[in-house]
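Numbering (my numbering), first residue to last: 171 to 1028.
Just so you know, even glycine gets a beta-carbon here, dropped at the ideal spot from N, CA and C.
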Amino acid sequence: MNHKDNTLSHLRTAVQDYVYKHMYVSATFWADKAVSLSRDSPEDVYHFIQCLLHSGEYQRVVHLLSTGKWSALGKKHLVFVYLTARAHASCNHWSEVIALLEPAVEDEFPPNVYPNTAPWIGCPLGDLRSECHLIYGISLEKTENYDSAVEHYRKALQYNPLCYEALENLNRYETSIERKADVEKTLKPYLQKLPTKDLRDLVHTVLLSQIHTPTADTPPAKYPGLSENADFLVVKAERLTNLYEFEESYRITTRILQDDLFHSRALLMHLATSVQLKKKAELYRMGHRLVVACPDSPLSWYAAGCYYYCVGKQEEARRMFNKSTSLDKQFGQALLACGQSLAMEGERDHAIAVYSIAATVMKGCHLPKMYIGLEYMLTGNYNYAANSLEQAKLIAPYDPVLLQEIGVLYYHTGNYILAEKFFRMSLNRSPLENGDQCSPEWEVILFNLGQTYRKLGAYEQALQFYKRALHLKPDTPSTMSSIAHVHLLLEEYEKAIFLCESVLNHNSNDQFTCLMLNYAIEELQHQRLPFLTLPTPEKMAGTVDYNVINVTNAPASGLGRSEYLGWINSSLDLQLKKVEEMCTGAAYCQFFDIMFPGAINLKKIKFTTKQEYEYINNFKILQGSFSQLKVEKTIPIEKIVKGKFQDNFEFLQWFKEFYNRNYDPDRSQNEYDPVKVREAAGKKGGVSTRVPSTTPKSSIQQASPAPRAKPPTTKIAAKKTPEPAGPKKERVSASSRPESVNSELEKRLEDAQMIIAETDQKLKEYEIFAENATLDLEQCTKERDFYFSKLRKIEVIVQESYQQGDSVLESIQVILYETEEGFTLPPEEEPQPGFDSQLEDVDGPVGNLAQDETSETY
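Below is the structure:
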């Protein structure tokens, strides 16, 4: 070795030493001198370019390797092509990266262009193939070409299974469990190329577990040192969060952050569990510390937003999340949190828009699609909700939370069979089936199954699941109230009363439970004091033969709705305005009592009610009376109680015909007074004693790095009538007054009562007259609209055939357009330019405009 080679060797050693010590300025200076001494040796150029990249001089690297004195190296050797691409990527020049690497990655690195080895660097070309595909995929992702980016991430993993960055990016974009399984299947042959079996086992455990739901939180026994590794602990914390074990997950992340405060995955999980546990002080401390230490990190502003979200300052929270996404547009957790903040304030449309952007960024995560489905469900758009939830199910088909949300959707749409199926699937996938102790948050699945079985009429199964839910979360008022509801349906009134009293001890203003308690007490009194009730249908059917005339189909009577309403109101002294109001069933029961006195127990009829379950109760009593008297008619209860006109009108037509054939005035010894009958039944001025059932709960608290809000549940408290203010008046007994005064007062009182009665009678007559006039006006309006539509159709036909010159059509058109002052056809106008030509002048694509508006929102 000559003197020159010895000097160059010392310079190269010094450069490497300075690089190891992170003294990049000195390393760059001496690397430049080594390049000059070696007369642009590729090895020294490579080390000099590495020093420039470490120093952040990216533009200088691009110039030297693209158009500068080393442009030939930048085009010949793949390693310099890769370094140039790295420099462009550091400057966010993604289009330049794609243009530079496309010939290499698309043609799979042709050997005639790039040599297979680079002995002056000492690294085989195979290593650079993986890195080139990785940075090429990142560039495609930044330019929103997501599908192609996924393919190149897969190729990067095939060339180097140890490339975790490619696997992490791939996991965010694979959209189905089948595709993720395909990744694992593809990687297995490449794992066999690793040198040792122990290394293959370790890579399989650490990397491939990330493709599916994180459950592999225990490293192989042969590597005990990995049990305290931060990444393994984070995987364990994620699994516990998915199981709603927030306290244990919080303890694990706290332990990680004590040793490594800026571990990004641990920070995300720590913030998520802190929000779920409402640890406001911890969120404030973490947010303040991160913003001061790392103001350019999106995670810092995300932490600040989580604090404002937790304390209820949603506008400030969204401002923080907006700052986070401005620093990193691919930060999906901030987008999810922003959407949930909007949902907290009822901004459903804006929340859906933000969730849609998050779904694009987080293609491999089912949460954005699931949240979109929940928002559509809350607004009643069940078709859109079903579409979004099905897309989420393609990504996570076995997630128990998602499965139970799909069950809630089917419950709301009335498909209780499918609702029970998905609730069962959710239960089977949840820790509830393992028999182990689990978080009380899973109680929602058991409660929803109880609700579904109650709707299906399987009361024993409903009680079973309600009791399991109550065991998991004791003393829950809503569950205890639901159990009382089932006992009412089973006519187990004593158990219902006991549970209602327990619920009212927790919340005395629970209107649902108060009404059930009143109903249960009333029914229990009827059971224990049977002499207070009217004769039952069974007794009357055994003693009186009414000779019922059955009616199969009601013939066309030609009566309109106003005639039917007039018959009902005059017969029962009611004031019904719509046929739909007959859906309560009370009027039919009273008509049945008119036809067959004593054949129906009016004590059980709810005459003044607005609840569907009481409608069903009334119709069931009527159907029971039908059966006792051999009336061959099945009442379509489920259709009638919905209050739709057509169903109620058809049954009313049948019932009117049935009434006409079976009513016999001689059966009633006295004149039938419908008002007094209702008073005797004890229902005058009464209120409903049942309320609609509660709907299934929705598990809104999700095990995700973003906070999730609970929808508000409002319970209406019964209003009390205030007592009139003012001083109390001393009451004087009538016996202390003189007799003459008493008689005079009684006479005046009788006169006043007569005047009041006459006034009330006139008032009723005026009300009936006004109601009839209103009905007549509605009928006339409908007839007018009907004939107008017919004339309009004739007019269109005439106008279309007018050009044929038919004299008859001309005469019809003249008649159609006649008025008192005469009418002439208007001249035909030239066609005006349509909206299509105007839309062509609008600048800018609509999609970009919508995206800009959405970005301002969040």
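Residue i versus residue j - alpha carbon distance
i	j	result
Gly516	Ser241	58 Å
Phe796	Ile738	20 Å
Tyr546	Tyr689	36 Å
Arg488	Leu505	9 Å
Tyr842	Leu659	33 Å
Leu702	Ala851	Note on Leu702: pLDDT 42, under 50, position unreliable in the model; the coordinate value appears next. Distance between the alpha carbons of Leu702 and Ala851 is about 10 Å.
Ala556	Leu602	26 Å
Ala407	Leu537	18 Å
Leu735	Phe821	14 Å
Ile807	Val749	15 Å
Lys449	Leu410	18 Å
Ala940	Ala628	48 Å
Ala436	Tyr552	37 Å
Ala562	Gln621	25 Å
Pro465	Arg459	10 Å
Pro996	Gln781	Summary for Pro996: the model assigns pLDDT 44, below 50, so the residue's position carries little reliability; its value from the coordinates is reported in the next sentence. Their backbone Cα atoms lie some 57 Å apart in a straight line.
Lys790	Tyr783	10 Å
Tyr525	Lys539	7 Å
Cys333	Thr366	17 Å
Pro767	Lys809	28 Å
Lys963	Thr951	18 Å
Val185	Lys245	26 Å
Leu744	Glu733	14 Å
Thr495	Ala474	13 Å
Met924	Gly730	38 Å
Arg299	Ile542	39 Å
Met193	Leu223	13 Å
Ile786	Cys753	9 Å
Ala259	Glu560	37 Å
Pro647	Val673	5 Å
Exposed unless 16 or more other CB atoms sit within 10 angstroms - verdict on residue i
i	result
Tyr936	exposed
Ser470	buried
Pro331	buried
Ala210	Inspection of the sequence shows that residue 210 is occupied by Asp rather than by Ala. Exposed, by the Cβ-count rule.
Tyr190	exposed
Arg1034	Residue numbering for the chain in the displayed model covers 171 to 1028; residue 1034 lies beyond these limits and cannot be assessed.
Val531	buried
Ser204	With the sequence shown as reference, residue 204 is identified as Ala, and Ser is not the correct amino acid for it. Classification of Ala204: buried, given that the 10 Å Cβ count is 16 or more.
Gln503	buried
Phe668	exposed
Arg324	buried
Asp569	buried
Gln574	buried
Gly226	exposed
His247	buried
Thr804	exposed
Tyr957	exposed
Phe815	exposed
Ile305	buried
Ala943	exposed
Leu123	In the structure displayed, the chain extends from 171 to 1028; residue 123 sits before or after that span and is not available.
Pro212	buried
Gly238	exposed
Ala319	buried
Cβ distance (whole Å) where residue i is taken to contact residue j below 8 Å
i	j	result
Leu207	Thr183	Not a contact, Cβ separation roughly 14 Å.
Thr254	Val231	7 Å
Ile653	Leu633	7 Å
Ile426	Leu403	5 Å
Leu441	Ser609	About 19 Å separates the two Cβ atoms, so there is no contact after all.
Ser596	Ile565	Ser596 to Ile565, Cβ: 16 Å. No contact.
Tyr479	Ser444	Actually they do not touch by this definition, with Cβ atoms about 11 Å apart.
His676	Asp645	7 Å
Pro468	Leu497	4 Å
Leu271	Phe250	That belief does not hold up - the Cβ atoms of Leu271 and Phe250 are roughly 12 Å apart, past 8 Å.
Leu340	Leu327	7 Å
Leu746	Ile770	Not really, about 20 Å apart at Cβ, beyond 8 Å.
Val571	Asn618	Actually they are not in contact, since the Cβ atoms of Val571 and Asn618 sit about 12 Å apart, beyond 8 Å.
Q: Pair every Cβ in the segment 742 to 760 with every Cβ in the segment 771 to 782, then say whether three or more of these pairs are closer than 8 Å.
A: When C-beta atoms of the segment 742 to 760 are compared with those of the segment 771 to 782, three or more pairs fall below 8 Å, so the two segments count as touching.
Q: Please determine if the segment 840 to 850 and the segment 816 to 830 are in contact, where contact requires at least 3 C-beta pairs separated by less than 8 Å.
A: no
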